[in-house]
Amino acid sequence: MRDTTLDDIIEAALLAAGEPLPVERLETLFLADECPSRKALREALSRLALRHDNGALELVETASGFQLRIRPRLAHWVSRLWDERPQRYSRALLETLALIAYRQPVTRGDIEDVRGVSVSSSIIRTLMERGWIRVVGHRDVPGRPAVYATTRSFLDDFGLKTLDALPPMYTLVNGDDREALSLEEASSEQNPPLALDETVQSVQDAPPQQDENTLAESADHHAETALTQPLSFADLEARLAARAQRQHEDADTQTNDVRSDDHE
């Protein structure tokens, strides 16, 4: 490697790649007689993370490996380099993605039961086209509905290493929305033309979750990026709770009306 340091080589590779690189991929940068040990590579990655600790870039470890990304706080300015308008999604789509991320594996019917409204086919199709969700099986009930889970790409795009990195739901309900990841910012780091926003993580390397109701299908593990409008999970929970309360009150009102009619 002569005068070129290991840290510089890794930094250059991560900047040029534009996608997460696992340690195994970093090893391919070197000839057999000069390849550093994995311990040395990880130590170099740690030094690189410290070097960028207060800069414009940050070293992030996702489900697919390590990546140098622009810090989320700078996405607002960097996004102006591209003329394309950020792709925007409806709140219904964001709520659907959130429910899949937290409750997976789920069917469309499961999502509708929680949201209290139907989920359109276009929402599911858009999420699958983005590479954020996939079909992991079919439930063994009449109609055999598809069972959905999030993907490795979802983890990568949201800067998450595993599903365990998802903020606990109770912290979100308590209003700690800072735990939610900004998709707009996370995405602009690796795919600047796409503005992304707040949301959280998905089913990564682990094989599709299977229970008695789920038959695993061969799964194409993981795909790509984008989103906008900040998604507040605390707001989502509050709205779902309010909707459930309204439905309960409507049911009570109808019951009282029936009783009133009976008395008349």
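Heads up, the sequence shown is in the numbering used here, so the first residue is 569 and it goes up one at a time. A virtual CB, placed ideally from N, CA and C, is assigned to each residue, including glycine. Predicted model only: the values in this text are computed from it and were never measured.
Asked	Found
Inter-residue Cα distance where the pair is L868 and I578	The displayed coordinates of the chain run from 569 to 832. Any statement about residue 868 would go beyond what the structure contains.
Rounded C-alpha distance that separates A666 from R659	10 Å
Alpha helix (DSSP H) segment containing H644, residue limits	643-646
C-beta contact flag for P590 and F634 at 9 Å	yes
Closest Cα partner of Y657 within the set A584, P588, R693, A585	R693
Buried or exposed (CB count within 10 angstroms, at least 16 for buried), R648	exposed
Residue from R637, W700, P736, V685 with nearest C-alpha to N622	R637
Beta-bridge pairing of L589 - partner residues as DSSP gives them	F634
Simplified DSSP assignment, three categories, for Y670	helix
C-beta atoms of T718 and A669 nearer than 9 Å	yes
Own chain residues within Cβ distance below 8 Å of L574, not counting five before or after	P604, A608, L609, A612
Classification of L723 by the beta-carbon crowding that lies within 10 angstroms, buried from 16 upward	buried
Where V704 sits in the DSSP three-state scheme	strand
Option nearest D552 by Cα separation, candidates H706, R639, D725, E629	With the chain running from 569 to 832 in the structure shown, residue 552 is simply not present.
From S632, G586, E663, residue whose alpha carbon lies closest to that of S686	E663
Residues bridged to E626 [DSSP beta-bridge criterion]	R637
Own chain residues within Cβ distance below 7 Å of L582, not counting five before or after	L589, F634, Q635, L636
Distance CB(H620)-CB(E629) smaller than 9 Å	no
Cut-off 6 Å between Cβ atoms - residues of its own chain near S756, not counting five sequence neighbours on either side	The pLDDT assigned to S756 is 41, lower than 50, so where the model puts this residue is not dependable, and the model offers no usable value.
Endpoints, the beta strand (DSSP E) within which V685 is located	No beta strand (DSSP E) holds V685; DSSP gives it neither H nor E.
Spatial distance of S721 from D732 (CA atoms)	16 Å
With 16 other Cβ atoms within 10 Å as the buried cut-off, status of P673	buried
Backbone CA spacing between A624 and G684 [nearest angstrom]	43 Å
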